[in-house]
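Have a look at the structure below, then the notes.
Protein chains: 2
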Amino acid sequence: MYNVRKDVYSVRMTRDHILSAAKVVLEREGIDGLTIRKVAQRAELSPMALYRHFADKDALLNALMEDGMSAWENIVRSIRAHDPLEWLLAIADAHLDFALTQPHRYDAAFFLPAPAARRFPDDFAAGRSPAIAMVMARVDQAKAEGRLCDRPTLEIALALVAAGHGFVSMHRANRFAGEKQFKALYRAAQRLLLDSLKPSRESK
Amino acid sequence: MYNVRKDVYSVRMTRDHILSAAKVVLEREGIDGLTIRKVAQRAELSPMALYRHFADKDALLNALMEDGMSAWENIVRSIRAHDPLEWLLAIADAHLDFALTQPHRYDAAFFLPAPAARRFPDDFAAGRSPAIAMVMARVDQAKAEGRLCDRPTLEIALALVAAGHGFVSMHRANRFAGEKQFKALYRAAQRLLLDSLKPSRESK
DNA sequence: AATCGATGTGTACAACGTACGCAAGGATGT
DNA sequence: ACATCCTTGCGTACGTTGTACACATCGATT
Numbered sequence: 014m015y016n017v018r019k020d021v022y023s024v025r026m027t028r029d030h031i032l033s034a035a036k037v038v039l040e041r042e043g044i045d046g047l048t049i050r051k052v053a054q055r056a057e058l059s060p061m062a063l064y065r066h067f068a069d070k071d072a073l074l075n076a077l078m079e080d081g082m083s084a085w086e087n088i089v090r091s092i093r094a095h096d097p098l099e100w101l102l103a104i105a106d107a108h109l110d111f112a113l114t115q116p117h118r119y120d121a122a123f124f125l126p127a128p129a130a131r132r133f134p135d136d137f138a139a140g141r142s143p144a145i146a147m148v149m150a151r152v153d154q155a156k157a158e159g160r161l162c163d164r165p166t167l168e169i170a171l172a173l174v175a176a177g178h179g180f181v182s183m184h185r186a187n188r189f190a191g192e193k194q195f196k197a198l199y200r201a202a203q204r205l206l207l208d209s210l211k212p213s214r215e216s217k
Numbered sequence: 014m015y016n017v018r019k020d021v022y023s024v025r026m027t028r029d030h031i032l033s034a035a036k037v038v039l040e041r042e043g044i045d046g047l048t049i050r051k052v053a054q055r056a057e058l059s060p061m062a063l064y065r066h067f068a069d070k071d072a073l074l075n076a077l078m079e080d081g082m083s084a085w086e087n088i089v090r091s092i093r094a095h096d097p098l099e100w101l102l103a104i105a106d107a108h109l110d111f112a113l114t115q116p117h118r119y120d121a122a123f124f125l126p127a128p129a130a131r132r133f134p135d136d137f138a139a140g141r142s143p144a145i146a147m148v149m150a151r152v153d154q155a156k157a158e159g160r161l162c163d164r165p166t167l168e169i170a171l172a173l174v175a176a177g178h179g180f181v182s183m184h185r186a187n188r189f190a191g192e193k194q195f196k197a198l199y200r201a202a203q204r205l206l207l208d209s210l211k212p213s214r215e216s217k
């Protein structure tokens, strides 16, 4: 009835198998279009079979969030610019590209809530995400070269990232006149911010 | 069966009546917790009665989006700072306050998608929202006084707003260590950006 | 061959959005 | 006063969703 797979009765590869199916469904239908039943069908399993591997739908969504986030981290890691300011420009462009070319994966990575339990001790930090850490490293480097203003690294990094994500968030909510306008304003704003965060020339 | 109101069989106040009920449900249960049935119950109407006044659930959500947005516009309008830079700081704080004290209303205002039909001609502009327009007016004023860098007004305004919204968006997705950290970083980043957007002193 | 834990299935239920047809109120014209 | 009609509300019903629960079946272990 559920078009069940007859091959192996499974060797613990099932969780990954389900996750792949979920990624396909996510890519095609978006977060809201992803249902347990659709994932099950694509995985050739009965809907209830998923519950042996994920506590509930939220757990599955959380796995997709982590997958999306690690895809994003790989993109960030692969940026090759030597100059730290160029690197920061490149990551801004990569962010935009990720949001536009893999929209549902982006949504999973950035919009799905992290499980509350996973939150950090409290006086310590959003700078825990590997992606933010990589940005911070470049900000530090630029600061060391005297090419960014002398402000807390975390604040600079987060301001840039939050601005980018804010733009995407507004775009998702249909707040721009179209993708064209969104792209143009996104890029202009990122360049503006990066420029503005350079040290004031008076100090020399 | 649905605990119906026996009073007036209605004098066209019903749409507003439903909307009020929806606002209460939104405030208590959030966007995801809002269902047609719950709104109907609170309005003392049958679920199907709502469909005489709203085409579907999305139409109701859209009304809530507009309500939230106009609440936000009123907040912005009521900011009293004379100095444009102080005004821009005040709106940043008001944004944070709105997000924290009326979270579900904020979500409705900023996260719910605008109906696609309502999008603008295309080369023209996100600066159409009254809230953005008010920010732009102050940015212009500050620029005229030589107290902000000479960059396109829309870009400056959007960079500030998008950064703020991006922070909120990340907070909603549980990306900070807690509300305390979120508030601190939000404020620090907004001050950093506002500082950075001042004109470079070399130009004098 | 008997047992057992891990994995998969089928059925069932409550909650959801909403299509459809009908009923009942208020307004209007006579 | 009555008949007409439009507006508004209701009840029922269907398909879809997440998932609780009881049962079945596999592979491994004894």
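Line order of the protein sequences matches chains Y and Z. As numbered in the numbering used here, residues 14 to 217 make up the first sequence, in order. As numbered in the numbering used here, residues 14 to 217 make up the second sequence, in order. Yeah, the Cβ is synthetic: ideal placement off N, Cα and C, and Gly gets one too. The structure displayed is predicted, hence computed values, not measured ones.
N- and C-terminal bounds of the alpha helix (DSSP H) containing residue i
i       : result
Y199(Y) : 192–209
A129(Y) : No alpha helix (DSSP H) contains A129(Y), which DSSP labels as neither H nor E.
A186(Y) : It is not in any alpha helix (DSSP H) - A186(Y) carries neither H nor E in the DSSP assignment.
Q154(Y) : 143–157
I49(Z)  : 49–56
Local conformation of residue i per DSSP, three classes
i       : result
D219(Y) : What the structure shows of chain Y is the stretch from 14 to 217, and residue 219(Y) is not part of that stretch, so it cannot be assessed.
D106(Y) : helix
D69(Z)  : coil
L125(Y) : coil
L32(Z)  : helix
S83(Z)  : helix
R90(Y)  : helix
F137(Z) : Confidence is the limiting factor: at F137(Z) the pLDDT is only 48, short of 50, which leaves the residue's position unreliable, though a coordinate-based value still follows. In this structure, F137(Z) counts as coil in the three-state DSSP scheme.
P212(Y) : coil
H95(Z)  : coil
M26(Y)  : coil
CB contact below 7 Å: residue i versus chain Z
i       : result
R164(Y) : yes
A76(Y)  : no
H117(Y) : no
A172(Y) : yes
A186(Y) : yes
L113(Y) : no
S91(Y)  : no
A175(Y) : yes
L102(Y) : no
A53(Y)  : no
S213(Y) : yes
L205(Y) : yes
M14(Y)  : Confidence is the limiting factor: at M14(Y) the pLDDT is only 48, short of 50, which leaves the residue's position unreliable and the question unanswerable from this model.
Which listed residue (the options) has its alpha carbon closest to that of residue i
i       : options                            : result
R65(Z)  : E42(Z), L102(Z), M26(Z)            : M26(Z)
Y199(Z) : I104(Z), A68(Z), V38(Z)            : I104(Z)
H108(Y) : P97(Y), I92(Y), K36(Y), D96(Y)     : I92(Y)
A144(Y) : L206(Y), V174(Y), P60(Y), M78(Y)   : V174(Y)
A202(Y) : L210(Z), A122(Z), A201(Z), A197(Z) : L210(Z)
F67(Z)  : R28(Z), M183(Z), A155(Z)           : R28(Z)
I88(Z)  : F195(Z), L206(Z), Y119(Z)          : Y119(Z)
A53(Y)  : I44(Y), I31(Y), L39(Y)             : I31(Y)
L47(Z)  : A34(Z), E57(Z), L58(Z), S59(Z)     : A34(Z)
L167(Z) : G177(Z), R151(Z), F180(Z), L125(Z) : R151(Z)
R204(Z) : E42(Y), I169(Y), A62(Y)            : I169(Y)
K70(Z)  : E79(Z), I49(Z), M78(Z)             : I49(Z)
T114(Z) : A186(Z), V181(Z), S142(Z)          : V181(Z)
A127(Y) : A84(Y), R164(Y), L74(Y), R160(Y)   : L74(Y)
V148(Y) : V37(Y), L102(Y), R41(Y)            : L102(Y)
E40(Z)  : F189(Z), W100(Z), L98(Z), F111(Z)  : F111(Z)
P116(Z) : D153(Z), A129(Z), S142(Z), M78(Z)  : M78(Z)
A72(Y)  : L125(Y), A56(Y), D96(Y), R55(Y)    : L125(Y)
Chain Y within 7 Å of residue i, Cβ atoms only
i       : result
G46(Z)  : no
E168(Z) : yes
H108(Z) : no
H4(Z)   : The structure shown has nothing for residue 4(Z), since chain Z only spans 14 to 217.
F124(Z) : yes
L198(Z) : yes
S83(Z)  : no
A127(Z) : yes
S209(Z) : yes
A144(Z) : no
L39(Z)  : no
S33(Z)  : no
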